[in-house]
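First comes the structure, then the notes that go with it.
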Amino acid sequence: MSWFANTSADGDDEADSASEVAPSPVFESAADLSDRDLVEPAEASYLPDAPPIEASYLPDAPPIWELSETQFPPARGARPTRRLSDSLPDTEAGPPQLSSTPAPHRLRRWLPAGTFLLGLLSGMLALWLVALLFLSPDHSPLPSSSPTSGESDLVLQLSPAYLTALVARNLPRAGLPGQVSQVRVTLQPRDLIEVTGQETLTLFGLALTRPFFLQVQPVTATCHLQVHVLHADLGGLSVTGLAAIFEEHLNQQLSQQPAPTGLPAGFRYCAVATWTTTNGLWISYSAQPTALRPSLPPGREDAGLARDSWLQGLEPDSGTPTRLRR
1 MSWFANTSAD GDDEADSASE VAPSPVFESA ADLSDRDLVE PAEASYLPDA
51 PPIEASYLPD APPIWELSET QFPPARGARP TRRLSDSLPD TEAGPPQLSS
101 TPAPHRLRRW LPAGTFLLGL LSGMLALWLV ALLFLSPDHS PLPSSSPTSG
151 ESDLVLQLSP AYLTALVARN LPRAGLPGQV SQVRVTLQPR DLIEVTGQET
201 LTLFGLALTR PFFLQVQPVT ATCHLQVHVL HADLGGLSVT GLAAIFEEHL
251 NQQLSQQPAP TGLPAGFRYC AVATWTTTNG LWISYSAQPT ALRPSLPPGR
301 EDAGLARDSW LQGLEPDSGT PTRLRR
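Count the sequence shown with UniProt numbering and you get residues 1 to 326, in order.
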């Protein structure tokens, strides 16, 4: 066994001396590698029939001494990378500049207050309109005119049936949007007329029927019968505030009514007073006679007299002979 030990000891000494004498390996550059590839194409290709790789296809790698300590040489066959030439902006170069636009938090702070004020004003306006149109009190009656002995020349009585037909014909023209049916007129003492009926309104193919109730006072104005609306109810909702428009349209229809037929001609009839009883509506008229031949104005009458005198001067006198001149 001594020869085996001596042999191993000699081998260890030779290995130590070889490690001391052998130089350190030097990393080769990419250019040396590319030259070696051209020299040994058979070893570089993995396939037996593949063509040799030329050095022009390999990227130019920088020498090993130009690389930094933390930068490693590129791998064989890897794609080259680009470096950013522009440096990142320095965030600590100066103090931040304030923008001239208002901050969003200020707008968010005032937005709820502005919305609340706008909603409050809209609600107050809506309540005012509802109170004006639908919650207004009833109108007070006007002073009634009683006929005097000197003014009343003719008294007419209108029965409830005639008044019902008259109101049913004039109500659709008074501004109601729907069709009026089942109209009924009830006369109360002390100048009061009550009108009831049904109004049918069609919306999007659906018929909506609502009852209406009117309380009016008959009056006389401009020689015609007029009405003054005291209370208006539509579908159980008071609409007395809208009665002014309805009253104006209804009075226009009554003003266009002609004088009562069957009265003697040659007179101008003017309504001077009206009152109601349970039996009908009474209207007092004054009759003023009209001239059968219209009179000429003063200027035209003088011109007519002057013309007649001039014509009379041209007529020849019957006692004196007429002499003709040649």
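By construction, the Cβ of each residue, glycine as well, lies at the ideal position given by its N, Cα and C atoms.
By the Cβ neighbour-count rule, Leu163 is buried, with 16 or more other Cβ atoms within 10 Å of its own. According to DSSP, Phe267 shares a beta bridge with Pro289. Judged by DSSP in its simplified three-state form, Ser140 adopts coil rather than helix or strand. Contact between the segment 217-227 and the segment 260-279 is established, with three or more Cβ pairs separated by less than 8 Å. DSSP, reduced to helix, strand and coil, places Arg173 within a helical segment of the structure shown. Shown here for Val183: same chain residues with a beta carbon closer than 8 Å to its own, the five before and five after excluded, namely Thr164, Val167, Ala168, Leu171, Val195, Thr196, Gly197 in chain order. Distance between His249 and Ala243, taken at the CA atoms: about 10 Å.
In the DSSP assignment, Gly197 forms a beta bridge with Phe212. Judged by DSSP in its simplified three-state form, Gly178 adopts coil rather than helix or strand. In the structure shown, the three-state DSSP call for Arg109 is helix.
DSSP places Ala259 in the coil class of the three-state scheme, outside both helix and strand. Sorting Asn279, Gly205, Val219 by C-alpha distance to the C-alpha of Asn251 places Val219 at the top.
A residue is called buried once 16 or more other Cβ atoms fall within 10 Å of its Cβ, and Thr276 is buried on that count. Ser238 sits in a strand when the DSSP states are folded into three classes.
Under the DSSP definition of a beta bridge, Ile283 partners with Leu156, Thr274. The beta-carbon distance between Leu156 and Gly178, rounded to whole angstroms, is 32 Å. This is too long to meet the 8 Å contact definition.
Thr222 sits in coil when the DSSP states are folded into three classes, being neither helix nor strand. Counting other Cβ atoms within 10 Å of its Cβ, Glu199 reaches 16 or more and is therefore classed as buried.
Checking the DSSP bridge columns, you'll see Val183 has no partner listed. Residue environment: Phe116 is assigned as exposed (fewer than 16 neighbouring CB atoms within 10 Å of its CB, all protein chains considered). Among the bridge pairs identified by DSSP, Val229 is matched with Val216. Here the C-alpha atom of Ile193 lies approximately 5 Å from the C-alpha atom of Val216.
Residue pairing by DSSP places Thr164 opposite no residue, since no beta bridge is assigned to it.
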